[in-house]
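Participant:
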Amino acid sequence: MTRSLIEVQPDMFRIPESEIKDLSKADVITKAFAITQCTWLIVQSISRVAYGYSISLLELATLAFIFCAFIMHIFWWNKPFDVESRRVVTAIGLNPKVPPNLSTFSMDDLTVSKNFRFRARVKDLSWQRFEDLIAEISEIIDPADTSRPYIDYLPSASLYIASATFLAIHLAAWNWDFPSSVVGSLWRWLNLSTLVTSFAPLILGFLYSLGPRRGTFEKLYARTVIMILLIPGVTYIISRFAVLGLTFYCLSSMPENAYATLDWLAWVPHFS
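Sequential numbering of the sequence shown, starting at 1, is according to the numbering used here.
1) Ignore the nearest five residues each way along the sequence and tell me which others in L171's own chain have a CB closer than 8 Å to its CB.
2) What separation, rounded to the nearest whole angstrom, lies between the Cα atoms of D263 and Y53?
3) Would P255 and L229 be called neighbours here (beta carbons separated by less than 8 Å)?
4) Please state the DSSP three-state secondary structure of P232.
5) Check whether the Cβ of W189 sits closer than 7 Å to any heavy atom of the ligand MG, and report yes or no.
6) So what does DSSP say about Y53, is it helix, strand or coil?
7) What does the alpha-carbon distance come out to for the pair I29 and F65?
8) Run through DSSP, which three-state label would K31 get?
9) With a CB to CB cut of under 7 Å and the five nearest residues on each side skipped, what residues in its chain are close to T36?
10) Skipping 5 residues on each side, what residues in its chain have a beta carbon closer than 8 Å to that of A162?
11) Would F248 and L58 qualify as a contact pair, given that the criterion is a beta-carbon distance under 8 Å?
12) Is the beta carbon of S198 less than 8 Å from the beta carbon of A173?
13) Using the three-state DSSP reduction, which class does S181 fall into: helix, strand or coil?
14) Should V182 and L246 be called a contact, given that it needs their Cβ atoms to be closer than 8 Å?
15) Nearest to R223 by CA position, among I46, F33, L204, F75, is which residue?
16) For S253, tell me which candidate among I226, W176, V225 has the shortest Cα-Cα distance.
17) What is the DSSP secondary structure of T62, reduced to helix, strand or coil?
18) In angstroms with no decimal places, state the Cα-to-Cα distance between L60 and M227.
19) If we ignore side chains and look at the alpha-carbon of each, how far apart do N257 and L41 end up?
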């Protein structure tokens, strides 16, 4: 229902920027404090490496998540938090001859049962949803409308770059000392596999764009591409869990200088 209303009257659900900022309960000081703490860990880690001290794989993984945290704070700086007020959406202009309940409604009027929401989520896992996803990815690579500006694809491209950067940070430990050669090899190849498989949707989207555009063959081709996509998807999930396990396992055997501290860092005001 909401999607249909947006298509008919796109300005209906448009909320002014001033109202969004007014509903933000997490103030600038709180957000700035979180960013400062993240920046402190980055400075500390870079300083330790510059002085020849080791950092743990857990610290390296934390740096990768800090990169994601910075991106999150950039996009969510004005995100409403703990919103407790309602916004009434006017579907049509008020008319004295029309009862108010026919011209206005609140979000409570759109409340659906849990059973309906569950069935809607299951429907999101259908073949058609996956086919639409592959089609959108192929549109990024080979847009049908050449007059469409490429800036429309900037959000998707930014997500791919951010994902690749997050995984590439883990590869900074390629030449580090590990508890054993087996653990070191597992760490290297598992992280490399996650980086490679993260580009699988982009590659398969390109393959989809080369296939037929209509008819039964298009559906068959799309489902074949999706079946192939499941392989790197499962590989990515297993590899990420394995890397997480190795991260904590390596804490049991760390070099001696990993426990050393820099004297000048103790004089910098911070919270640990």
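Using N, Cα and C, we set each Cβ at its ideal position, and we do this for glycine too.
Facilitator: On the basis of the coordinates in this document:
1) R188, N191, L192, L195
2) 13 Å
3) no
4) helix
5) Of the ligands one can find in the structure shown there are none, so the ligand MG has no counterpart to examine.
6) coil
7) 21 Å
8) helix
9) none
10) F67, C68, I71
11) yes
12) no
13) helix
14) no
15) L204
16) W176
17) helix
18) 34 Å
19) 18 Å
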